[in-house]
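Order-wise, the sequence lines are chains P and C. Position one of the first sequence corresponds to residue 14 (our numbering), numbered consecutively onward. Position one of the second sequence corresponds to residue 102 (our numbering), numbered consecutively onward. All residues carry an ideal CB built from backbone N, CA and C; glycine is no exception. Heads up, the thing below is written out as structure tokens.
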Amino acid sequence: METYYKPEDLPKFEEIGKEAPDLADKFFDYYGAVFCEGELTEREKSLIALAVAHTIQCPYCIDAFTQSCLEKGSNVAEMTEAIHVVTAIRGGASLVHGIQMRNIAEKLSM
Amino acid sequence: MDPAKSSEITNTGYGKESMAIEPFRQTLATHSLKLERDQTTTLQINMGLLCNQTCRHCHLDAGPGRKENMNSETADQIADYAKRCSFEVIDITGGAPELNHNLSGLIERFSSLAPRIMIRSNLSALNDGKRDHLFDLFKEYGMVIVASFPSLNQAQTESQRGTGVFSMSIAALKKLNKLGYGADGSDLELNLVSNPTGAFLPSSQSETEKRFRQVLSKKWGIVFNNLFTFANVPLGRFRDWLLKSGNLDKYIEKLSSGFNPCAVEGVMCRTMVSVSWDGYLYDCDFNLARGLPMGGRKIHVSEMAGPPESGSPIAVADHCYTCTAGTGFT
Numbered sequence: 014m015e016t017y018y019k020p021e022d023l024p025k026f027e028e029i030g031k032e033a034p035d036l037a038d039k040f041f042d043y044y045g046a047v048f049c050e051g052e053l054t055e056r057e058k059s060l061i062a063l064a065v066a067h068t069i070q071c072p073y074c075i076d077a078f079t080q081s082c083l084e085k086g087s088n089v090a091e092m093t094e095a096i097h098v099v100t101a102i103r104g105g106a107s108l109v110h111g112i113q114m115r116n117i118a119e120k121l122s123m
Numbered sequence: 102m103d104p105a106k107s108s109e110i111t112n113t114g115y116g117k118e119s120m121a122i123e124p125f126r127q128t129l130a131t132h133s134l135k136l137e138r139d140q141t142t143t144l145q146i147n148m149g150l151l152c153n154q155t156c157r158h159c160h161l162d163a164g165p166g167r168k169e170n171m172n173s174e175t176a177d178q179i180a181d182y183a184k185r186c187s188f189e190v191i192d193i194t195g196g197a198p199e200l201n202h203n204l205s206g207l208i209e210r211f212s213s214l215a216p217r218i219m220i221r222s223n224l225s226a227l228n229d230g231k232r233d234h235l236f237d238l239f240k241e242y243g244m245v246i247v248a249s250f251p252s253l254n255q256a257q258t259e260s261q262r263g264t265g266v267f268s269m270s271i272a273a274l275k276k277l278n279k280l281g282y283g284a285d286g287s288d289l290e291l292n293l294v295s296n297p298t299g300a301f302l303p304s305s306q307s308e309t310e311k312r313f314r315q316v317l318s319k320k321w322g323i324v325f326n327n328l329f330t331f332a333n334v335p336l337g338r339f340r341d342w343l344l345k346s347g348n349l350d351k352y353i354e355k356l357s358s359g360f361n362p363c364a365v366e367g368v369m370c371r372t373m374v375s376v377s378w379d380g381y382l383y384d385c386d387f388n389l390a391r392g393l394p395m396g397g398r399k400i401h402v403s404e405m406a407g408p409p410e411s412g413s414p415i416a417v418a419d420h421c422y423t424c425t426a427g428t429g430f431t
């Protein structure tokens with residue numbers, strides 16, 4: 014079935030540099046540096062990336078960072094908890110806007 | 102795949118179900134590398150394929166139903182061979198070597214033949230309640246214990262090694278710690294081995310060791326000396342699982358694309374000779390699993406006057422990509 018998302022497109026990511034190589038180089042250098050061990054371990058960074066990938070619902074990122082998390086020693090229970098963290102933030106972000114709703118409703122209501 | 106490239110590709114031995122990859126031998130030639138034996142310092146002994154576990158990553162297809170188990174005549178011939186050579190390390194593996202009745206006698210004989218004697222244990226065979234004398238024997242002879250402990254997570258561990266193995270492993274490690282294994286200032290060395298619990302490569306050894314040390318100590322009060330992370334070799338039961346789960350092509354591609362020419366110099370087969378339960382010699386345990394004898398013909402340990410010669414070629418096949426991917430497998 015035809016689909017906009019094809020797994021074989023993921024390894025072609027670097028082709029994005031063909032029309033704007035300087036910008037792509039800067040991006041990929043930055044990207045590589047971000048995921049190196051720093052104050053956070055590479056394993057922790059992969060867990061964050063996996064969680065964010067679910068928030069932005071990017072199938073390429075979910076594929077890449079599921080593998081990365083496993084290769085860096087995380088287990089599925091940890092990965093699932095990480096997804097719950099962003100789900101809570103995402104849901105909470107919607108819910109907390111309910112206060113705006115209440116403020117406006119209160120102002121308009123008798 | 103590039104059609105021009107595919108014409109150069111030979112049968113990889115992984116079967117028709119697998120994608121073709123550049124043969125390992127050809128990759129070595131492309132990098133102007135030769136895989137030859139160095140001075141042999143380690144004698145690895147495979148006591149047999151009998152095992153109490155049926156691990157899904159096992160390259161030897163070991164398990165409770167296997168009949169291949171070293172007899173006392175072969176054990177004597179191997180001990181005589183170790184006497185003829187001066188090995189620095191004797192490395193005992195299986196299957197589960199604890200299940201072989203000749204183990205105690207071999208350890209006693211080896212103790213004066215090499216300064217470092219290692220035993221690879223799955224922990225559950227050692228701590229099954231029927232072999233408590235082995236704990237004392239290992240301690241008495243200062244055996245280095247290399248224990249399988251793939252993951253800090255019970256589900257991951259048991260998906261690879263079987264139900265109940267996680268708690269049995271924790272109990273065995275605690276018992277070894279109690280004997281002094283892994284403790285600060287103790288000569289009794291306890292090392293852990295973590296193999297990935299699926300079709301992915303192992304994590305960084307130093308980072309994993311740090312995390313295992315922290316979690317094992319905090320949760321169970323367990324200490325150990327070193328942790329090694331090793332990739333799984335696509336042979337035996339692990340290969341069957343890769344095939345069945347549809348992961349074989351990608352896994353092998355991952356291993357071959359991770360080829361690191363610098364890792365070739367440090368691979369274990371350069372300094373090791375591996376002897377099977379029936380006394381035949383191989384360059385490593387993976388070649389034993391694959392049926393690739395040392396020097397291309399079956400040589401029995403009783404025929405060997407000394408260690409294999411430096412400079413002699415090592416038998417290679419495509420599973421060798423496992424040991425040359427990334428930082429390598431030593």
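Identity of the residue in the options nearest residue i by Cα
i, options, result
"residue 260 of chain C", "C:329, C:155 and C:407", "C:155"
"residue 372 of chain C", "C:177, C:393, C:412 and C:317", "C:412"
"residue 207 of chain C", "C:237, C:233, C:198 and C:176", "C:176"
"residue 278 of chain C", "C:251, C:321, C:253 and C:307", "C:321"
"residue 148 of chain C", "C:395, C:237, C:415 and C:179", "C:179"
"residue 297 of chain C", "C:325, C:214, C:238 and C:334", "C:334"
"residue 183 of chain C", "C:146, C:169 and C:170", "C:146"
"residue 138 of chain C", "C:424, C:426 and C:416", "C:416"
"residue 338 of chain C", "C:299, C:192 and C:230", "C:299"
"residue 273 of chain C", "C:325, C:309 and C:344", "C:325"
"residue 386 of chain C", "C:353, C:425, C:336 and C:409", "C:336"
"residue 239 of chain C", "C:262, C:211 and C:252", "C:211"
"residue 341 of chain C", "C:170, C:161, C:262 and C:130", "C:161"
"residue 143 of chain C", "C:407, C:287 and C:357", "C:407"
"residue 221 of chain C", "C:245, C:237 and C:230", "C:245"
Residue range of the beta strand (DSSP E) that includes residue i
i, result
"residue 192 of chain C", "190-194"
"residue 145 of chain C", "143-147"
"residue 114 of chain P", "It is not in any beta strand (DSSP E) - residue 114 of chain P instead sits in the alpha helix (DSSP H) that spans 111-121."
"residue 264 of chain C", "It is not in any beta strand (DSSP E) - residue 264 of chain C carries neither H nor E in the DSSP assignment."
"residue 293 of chain C", "291-295"
"residue 205 of chain C", "First-last for residue 205 of chain C: 204-211, but that is the alpha helix (DSSP H), not the beta strand (DSSP E)."
"residue 374 of chain C", "373-376"
"residue 248 of chain C", "245-249"
Cβ distance (whole Å) where residue i is taken to contact residue j below 8 Å
i, j, result
"residue 291 of chain C", "residue 248 of chain C", "7 Å"
"residue 384 of chain C", "residue 375 of chain C", "7 Å"
"residue 289 of chain C", "residue 243 of chain C", "7 Å"
"residue 151 of chain C", "residue 197 of chain C", "7 Å"
"residue 41 of chain P", "residue 27 of chain P", "7 Å"
"residue 422 of chain C", "residue 401 of chain C", "Their Cβ separation, rounded to whole angstroms, is 30 Å, which puts residue 422 of chain C and residue 401 of chain C out of contact at 8 Å."
"residue 203 of chain C", "residue 225 of chain C", "The pair is not a contact, with the Cβ atoms about 20 Å apart (cut-off 8 Å)."
Neighbour flag for residue i against chain C, beta carbons, 8 Å
i, result
"residue 86 of chain P", "yes"
"residue 93 of chain P", "no"
"residue 55 of chain P", "yes"
"residue 80 of chain P", "yes"
"residue 90 of chain P", "yes"
"residue 60 of chain P", "no"
"residue 83 of chain P", "yes"
Counted within 10 angstroms of its Cβ, other Cβ atoms place residue i as buried (16 or more) or exposed
i, result
"residue 398 of chain C", "exposed"
"residue 159 of chain C", "buried"
"residue 67 of chain P", "buried"
"residue 70 of chain P", "exposed"
"residue 194 of chain C", "buried"
"residue 420 of chain C", "buried"
"residue 368 of chain C", "buried"
"residue 425 of chain C", "buried"
"residue 216 of chain C", "exposed"
Cutoff 8 Å: residue i Cβ touching any chain P Cβ
i, result
"residue 262 of chain C", "no"
"residue 172 of chain C", "no"
"residue 465 of chain C", "Because chain C here runs from 102 to 431, residue 465 of chain C falls outside it and cannot be looked at."
"residue 329 of chain C", "no"
"residue 349 of chain C", "no"
"residue 358 of chain C", "no"
"residue 315 of chain C", "no"
"residue 309 of chain C", "yes"
"residue 126 of chain C", "no"
"residue 254 of chain C", "yes"
Short CB-CB distance (under 8 Å) between residue i and chain D
i, result
"residue 157 of chain C", "The question asks about chain D, but that chain is absent: this structure's protein chains are P and C."
Residue i, enclosing alpha helix (DSSP H) - first and last residue
i, result
"residue 221 of chain C", "It is not in any alpha helix (DSSP H) - residue 221 of chain C instead sits in the beta strand (DSSP E) that spans 217-222."
"residue 323 of chain C", "Premise fails: residue 323 of chain C is in no alpha helix (DSSP H) and is neither H nor E."
"residue 183 of chain C", "173-185"
"residue 37 of chain P", "34-47"
"residue 76 of chain P", "72-84"
"residue 237 of chain C", "233-241"
"residue 388 of chain C", "386-391"
"residue 144 of chain P", "Because chain P spans 14 through 123 in this model, residue 144 of chain P falls outside it and cannot be assessed."
"residue 337 of chain C", "337-345"
The ligand FMN heavy atom lying under 7 Å from the CB of residue i
i, result
"residue 318 of chain C", "For the ligand FMN, the structure offers nothing, since it holds no ligand at all."
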